[in-house]
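Residue numbers (the numbering used here), protein chains in the order written: chain A, 29 to 442; chain B, 986 to 1276; chain C, 69 to 396.
The beta carbon of each residue, even a glycine, is placed where N, CA and C say it ideally should be.
Structure follows, in structure tokens:
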């Protein structure tokens, strides 16, 4: 035992040391839990840059940016207190996410937690925050079941997959009414983890409700060495629209695999994720041309959202790429949370929760094309209205809703 | 299913199977020589992919031209790994089997962390090469040219490996494999042969990595996608057998393609694993393994 | 010969009792949740590594697919609790039994293989289990199973924020696996395993039923791994194939035993006491930078221990004893 204790002692000293340093005078500590190592690490690292950008905008002194908390100088109702972010690596492991959340709350004294990209980690994080009575702001988890567990401390600024998928089918209907282009059949193509399962379940349901044929229903193994057999099945089905729910690696691979067997699909409508990543645009290159995707963000909506340009410039300076579907949601979550803490005028979790419940932010004070941010009794933002975008010349352009669209949809891109 | 689809499935399986075979060949070579399963094999492939990526970025040259350079680099890396780690792992007196498993396993984790440190976790792709995204249409069956090229290189590499077996070095390899102690008596430096064997094994998987980089994405975790299949391929073919690796690779590629057509694609690996287990029931040392 | 063995065995029992007593009071003055969590995870993996050690160490069958039994135990107990309202202490035993049955089912074909063929076959069987669980919607598929909070109680094995009860559950689990290993070292079964491990042919000629004794090791090992899985599931409150059936987890179950010393009584515990805190703390404080440092450190650690102390950390104890006794 002595030997064990001796071996463990320096570790625990390190723990106390780091914890000690975290306690600066008036800082408001917010814990941020993301996968920072492993397969999902690129997403987590982008998220980290996004949160740092947002915290910087809130904390530092600069010319006002027309966004919530965009005046800088910290939280004015808390005597200019600064937001201090403490990041933790979930390794995309639910056990790890749970332990790290506990650590952030008990050791770092985080007054709220933000996270977490993957659904499995969101489940255990929200479980911990519920037990410790600390708000959890879900920035980019899109699983529809997360807010259905009767939790008091769960808040989600992002729309979920059901809202996203409804937007897709609404777009099909609107396009049909406007241009006469009808979508009669769809092919589901989804990865075998929780994201693909959630997304495809909603798509299957809505396709049925909209009287569309499901020409193919393909569940594939994520990170497969090859997707050529899957591409073969998609080719055989040749649906009007392929609906992929894929992360970056598979998104690149399936477009290449379809091309390899000489198949150019009539249309692709992605459940964002990999299709909205910059690595996908590089990897797929010309093959991505014409692909459509839902998005919670529209980089080109600068006319109605004046904050996009300055916020994106700051993010670019930090991470050398434009904000996307995920990172924009991360920025928005932190702005919303900081605003609630500021309105509460207190760093007590219960006060923050009350302020979050009272949140009602108009869309033009965010960087999102949404109607705004307002939480229902399950903690879900009901004003997060998604957009549909399409790749032309290697860049996503918004094509729906028609009032924020910058160009019309193009079908049958060859 | 039309005849075109059937042929297309067969062709896809064949092209992928050759890649699997080449990835497995290096693993099998090292095992046959010194009874070591390299659990960092997938990571060596990943290193080769990044090497190709970096050289391509710096020079703008096609991976085809870079192939010999990367293979040479990988050869050096293989020798270095042998000298620094494996030679020591082989010299331990206790739990040798366990030590070599976990040394290579630790190496795999280290390489993954190191590549994330150097390149970040971002997915990379080599784009705009001669063959990128090109296909040939032969009577309705499409042949993706990057894969076809990769397959040809695989076959060449196999021919090369078999040719090496006929040289003096090859005979020394064979002799070392047959009887590790006796070779010392006839003046063969066992340590040197082992080092060269590692170099050759790493160069082989390096060739596979470069060809793969022509149509696959690159990330620190990409090795894991291929590693398990490589182990299954080697065990199915029989540890140490080059022909076994080739045959098993092709079999696995075809089984994968056919399972994906007949069953749910998410279960296609179950198909290849089931075939593997079934074969091992009858041949516990693989198709071409010495009983 | 015989008396010295029994004296050694008695001494081990005394050391274990003292250690147990220390561990029972150890968490009382420590209120930090993170540290307590660290203790729990370490004890859990100490027990799991000891369970692995029964098959991998004493019997010499290097299984790299033990997360399969871990997952079976976790799924059985969780589904019984969530759907059948059967308390986890019962579900835990049921999970262990099903896992043991699974280990026998796997062992039947796989034990014909030897060496690396065996090791890779265990990985493949685990991978098949993972893929089937991922595609089996009846047990939650990829979405996993969420364990609802049904009130703080020992019967439910659920506690709002208190970590202490879990600590004692994990401690009890580790203690039982140790006791089983201790018993096996003196029992007939243990001797026949060591014979199988050292030389199969010789064992057979000594009248050891090789296949049967491997099967017994698999069942025992599978049972305790399954129980560990069930405890883990109840502790975390959520299971999905990625977190409880993965190949990564299978390695993590074997690793402490390998680092500490395979086929030794204290090796798995020592390995877990070093490896698990190091892994957890390094990923907590280095992982957040996202630059891969924690992975590099973890990798170097595994290589270093494997090379520098191939017989495991437990052998350090022998070195100390030798020096103290002044005899080689």
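Asked, Found
"Short-range partners of chain E found in the region 1230–1264 of chain B, where Cβ spacing is below 9 angstroms", "Of the protein chains in the structure, A, B and C, none is chain E."
"Rounded straight-line distance, which links the Cα of residue 1207 of chain B to that of residue 229 of chain A", "29 angstroms"
"In DSSP terms, what residue 217 of chain A is bridged to", "A:246, A:272"
"Chain A residues whose Cβ lies nearer than 7 angstroms to that of residue 1107 of chain B", "70, 307"
"Alpha-carbon spacing of residue 1277 of chain B relative to residue 411 of chain A, whole angstroms", "An answer regarding residue 1277 of chain B cannot be provided, because it is not within the stretch 986 to 1276 covered by chain B."
"Beta-carbon gap between residue 1243 of chain B and residue 1218 of chain B smaller than 7 angstroms", "no"
"Presumed contact (8 angstroms Cβ cut-off) between residue 119 of chain A and residue 59 of chain A, rounded CB distance", "Not really, about 16 angstroms apart at Cβ, beyond 8 angstroms."
"Beta strand (DSSP E) segments (min. 3 residues) lying fully within the region 149–208 of chain A", "164–166, 182–184"
"Straight-line Cα distance separating residue 334 of chain A from residue 164 of chain A", "28 angstroms"
"Between the CA atoms of residue 1022 of chain B and residue 1212 of chain B - distance to the nearest angstrom", "12 angstroms"
"Rounded C-alpha distance that separates residue 185 of chain A from residue 152 of chain A", "19 angstroms"
"Three-state secondary structure assigned by DSSP to residue 50 of chain A", "Because the pLDDT of residue 50 of chain A is 41, which lies under 50, any placement of that residue in the model is unreliable, and the number read from its coordinates should be weighed accordingly. It is helical."
"When C:377, C:364, C:342, C:365 are compared against residue 109 of chain C, the one with the closest alpha-carbon", "C:342"
"Spatial distance of residue 146 of chain C from residue 310 of chain A (CA atoms)", "43 angstroms"
"Neighbour-count burial assignment, residue 440 of chain A, 16 or more Cβ in a 10 Å radius", "exposed"
"Min CB distance residue 378 of chain A to chain C below 7 angstroms", "no"
"Cutoff 6 angstroms; reference residue 1000 of chain B; Cβ partners in own chain excluding five residues on either side", "1132, 1136"
"Sub-7 angstroms separation of residue 1264 of chain B and residue 196 of chain C beta-carbons", "no"
"Supposed close pair residue 414 of chain A, residue 191 of chain A - CB separation, criterion 8 angstroms", "7 angstroms"
"Residues of the region 1023–1044 of chain B whose Cβ lies closer than 9 angstroms to any Cβ of chain A, in chain order", "none"
"The region 1004–1022 of chain B in contact with the region 1073–1088 of chain B per 3-pair CB rule at 8 angstroms", "yes"
"CB contact check: residue 1218 of chain B to chain A, cutoff 7 angstroms", "no"
"Residue span of the alpha helix (DSSP H) that contains residue 1060 of chain B, given as start and end", "1048–1066"
"Residues within the region 1176–1195 of chain B neighbouring chain C, beta-carbon criterion of under 8 angstroms", "none"
"Meets three-Cβ-pair contact criterion under 8 angstroms: the region 427–441 of chain A and the region 129–136 of chain A", "no"
"Residue 390 of chain A - DSSP class collapsed to helix/strand/coil", "strand"
"Backbone CA spacing between residue 177 of chain C and residue 1121 of chain B [nearest angstrom]", "45 angstroms"
"Buried or exposed (CB count within 10 angstroms, at least 16 for buried), residue 97 of chain C", "exposed"
"Inter-stretch contact at 8 angstroms, needing at least 3 Cβ pairs: the region 223–232 of chain C / the region 146–162 of chain C", "yes"
"DSSP three-state assignment for residue 400 of chain A, whether helix, strand or coil", "strand"
"Helix, strand or coil at residue 113 of chain A according to DSSP, with G and I counted as helix", "strand"
"Neighbour-count burial assignment, residue 134 of chain C, 16 or more Cβ in a 10 Å radius", "buried"
"Unbroken alpha helix (DSSP H) run spanning residue 336 of chain C, endpoints", "335–353"
"Proximal residues to residue 276 of chain C (C-beta, below 7 angstroms), its chain only, five neighbours per side dropped", "260, 263, 264"
"Residue 69 of chain C, DSSP secondary structure in three states", "The predicted position of residue 69 of chain C is uncertain, since its pLDDT is 43 and thus under 50; a value taken from the coordinates is nonetheless stated next. Three-state DSSP puts residue 69 of chain C in coil, outside helix and strand."
"Under 7 angstroms between C-beta atoms of residue 351 of chain C and residue 122 of chain A", "no"
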